[in-house]
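Following: one structure in structure tokens, then a few remarks.
Residue numbers (this note's numbering), protein chains in the order written: chain A, 148 to 414; chain B, 10 to 330.
And the structure:
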């Protein structure tokens, strides 16, 4: 299986997918960080008012509390949708360019092909998470420093935030492969994923209260541990329950996808 | 002679359509077997069933008794070159081969060897999207050869090759057979394969029409043919021909055709009667003619009796008996 993953890694980095996706994800994460600082600068966070009142301890205008710093670092969580698309693209690109013919000649047992993609996607998801966290740390850290805070205070929260983000990215990339194994048409798979997260989930949540914790996005928030200690307050699972839920979704789709693929004629 | 590939009662239904029906043939080691039939006759479907890409609805297709999917690292035993479109356009030629090599435990040094073998060394670092059809065909061949397999399956490999490329392909295929490998190569043109193949398997409408050796097919082609003679003394030639028991007919003012004659007979005959000849042509039907008759005139509801694997004498539609 290691050999298959090495082959998959070479396949992935010889396509435009990782570069384009990572680029888009970086830009969007950068925008989120920027918006975060703009809000603070405009007094949206309420800190400036505390200073103006002239009493009580002076509050700096930059993120300095643990919650604020973690919140800033956690901005890149929004990139998990890109991890999902990364997973979708990793498998559907083979059908789009018909390279799946060669892949099935090399790996005629098709569940092994899907398994290789799942492992590759999980690794690629981790790499994407690390890139985005690093970008957030650098961008956010520079901004915090410029406003008088310390880079180190932000970096100090890395250990609390990064593992959850990495976990969520790996699991969502895996979920993407599951979806892509079932819906091998690239465009259809992307539309289904985006449509689910942007529209369908919101509708379901609006109709049935409390379903959010069963939704992939709710599970992502839980698994990322951004609600540490508050999970139950807002009706989410804890981090490992959320992780298992995403994993279960991913493997469920991958199992059905593998079974369908095993019967499919590649012509 | 051992069989490298065995196809037994193979069938494939797409809904109500029998794309391949009760197909049985063998491919021998150390020989090149031409898999011939018109477009849409079921060649590609058969090859894809052999390779586990298309599911089988009846019968079996095996390599030394094992299905493709049951082979350990199949690309090291069976090399396949199917259609020339299945490359990722941004991937470099050598990277494409490396993905296959890595997954199959083939040393990556073999990548350069195969690129050299098919003459793509100069473009190894070029993206496949920029390749011509001929270059893609060569890269497909390189992919098939990567695992140094003992069995090669090539689907219309001559498509898109220029005349030099086809010449190269012929020598290449002959070289593979000479090395003891079994080669199954499909084509819709017999003429393309005539100089390359040892055995022929001809199918039409998904059913076997004929399995024989090319030599036997050529021998049969020779039967029932004639000689075309051009001579300034046609009337005198006609006189002497009327004295012997052969049929002839005039086809032009200075040309006639003698049925069933051979040069060995006619040469001395003409010399004996001191007839001046301008032209003496052995008029045999080409293999391509026979191939076309077999595949076009073949009625799928009445298959010809075929003794598979043997070079059985066969009756050709339209052939004089």
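The beta carbon of each residue, even a glycine, is placed where N, CA and C say it ideally should be.
1. Tell me which same chain residues have a C-beta within less than 7 Å of the C-beta of residue 166 (chain B), skipping the five on either side of it?
2. Taking the DSSP output, what are the residues bridged to residue 235 (chain B)?
3. If we count the other Cβ atoms within 10 Å of its Cβ and call it buried at 16 or more, is residue 257 (chain B) buried or exposed?
4. Residue 316 (chain A) versus chain B: which residues are under 7 Å apart at the beta carbon?
5. Would you check if the distance between the CB atom of residue 137 (chain B) and the CB atom of residue 101 (chain B) is smaller than 9 Å?
6. In whole angstroms, give me the CA-to-CA distance for residue 77 (chain B) and residue 17 (chain B).
7. What are the start and end residues of the alpha helix (DSSP H) that includes residue 248 (chain A)?
8. Run down chain A in chain order and give the residues with a C-beta less than 8 Å from the C-beta of residue 97 (chain B).
9. Could you tell me the alpha carbon to alpha carbon distance between residue 218 (chain A) and residue 311 (chain A), rounded to whole angstroms?
10. Taking 8 Å as the limit between beta carbons, can you name the residues of its chain near residue 132 (chain B), skipping five residues before and five after?
11. Please find out if some non-hydrogen atom of the ligand ZN comes closer than 8 Å to the beta-carbon of residue 372 (chain A).
12. Find the residues of chain A that neighbour residue 114 (chain B), judging by a C-beta separation of less than 9 Å, and give them in chain order.
13. Step through the CB atoms of chain A and report whether any lies within less than 9 Å of the CB of residue 83 (chain B).
14. List, in chain order, every chain A residue whose beta-carbon is nearer than 8 Å to that of residue 208 (chain B).
15. In chain order, what residues of the region 53-64 of chain B put their CB closer than 7 Å to some CB of chain A?
16. What does residue 253 (chain A) touch in chain B if you count any residue whose Cβ is under 7 Å from its own?
17. Can you tell me which of A:215, A:241, A:227 and A:259 puts its alpha carbon nearest to the alpha carbon of residue 409 (chain A)?
18. So, does the CB of residue 365 (chain A) fall closer than 9 Å to a CB anywhere in chain B?
19. Is the beta carbon of residue 196 (chain B) sitting closer than 9 Å to the one on residue 304 (chain B)?
20. For residue 100 (chain B), go through chain A and note every residue whose CB falls closer than 8 Å to its CB, in chain order.
21. Could you spell out where the beta strand (DSSP E) holding residue 297 (chain A) opens and where it closes?
22. Decide yes or no for the touch test of the region 18-33 of chain B against the region 173-190 of chain B: beta carbon pairs closer than 8 Å, at least 3 of them.
23. Go through its chain and collect everything with a Cβ distance to residue 360 (chain A)'s Cβ below 6 Å, but skip five positions before and after it.
A quick look at the data gives this:
1. Residues 90, 146, 150, 178 and 194 of the same chain have their beta carbon placed closer than 7 Å to that of residue 166 (chain B), with the five preceding and five following residues left out of the count.
2. For residue 235 (chain B), which the question treats as bridged, DSSP gives the partners B:268 and B:292.
3. Buried, since its Cβ has 16 or more Cβ neighbours within 10 Å.
4. Those within 7 Å of residue 316 (chain A) in chain B number zero; the least Cβ separation is about 24 Å.
5. Yes, the pair counts as a contact, with Cβ atoms nearer than the cut-off.
6. Cα to Cα, the separation comes out at about 15 Å.
7. Following the DSSP letters along the chain, one finds residue 248 (chain A) inside the alpha helix (DSSP H) bounded by residues 247-253.
8. Within chain A, the residues near residue 97 (chain B) are 158, 161, 162, 240, 244 and 246.
9. Looking at the two C-alpha atoms, the distance is approximately 13 Å.
10. Result list for residue 132 (chain B): 102, 140 and 144, in chain order.
11. Ligands are entirely absent from the displayed structure, and the ligand ZN is therefore not among its contents.
12. Going along chain A in sequence order, the residues near residue 114 (chain B) (Cβ under 9 Å) are 150.
13. True, the Cβ-Cβ gap to chain A drops below 9 Å.
14. Within 8 Å Cβ-Cβ: nothing; residue 208 (chain B) doesn't reach chain A, min ~24 Å.
15. Of all residues in the region 53-64 of chain B, only 57, 60, 61, 62, 63 and 64 come within less than 7 Å of chain A when Cβ atoms are compared, listed by chain position.
16. In chain order: 84, 109, 112 and 113.
17. Among A:215, A:241, A:227 and A:259, the Cα nearest to that of residue 409 (chain A) belongs to A:259.
18. Not a single CB atom of chain B sits nearer than 9 Å to the CB of residue 365 (chain A).
19. At least 9 Å separates the beta-carbon of residue 196 (chain B) from that of residue 304 (chain B).
20. Going along chain A in sequence order, the residues near residue 100 (chain B) (Cβ under 8 Å) are 158, 161 and 162.
21. For residue 297 (chain A), there is no enclosing beta strand (DSSP E), as DSSP marks it with neither H nor E.
22. No, the region 18-33 of chain B is not in contact with the region 173-190 of chain B.
23. Cβ neighbours of residue 360 (chain A) beyond the five flanking positions: 382, 383 and 384.
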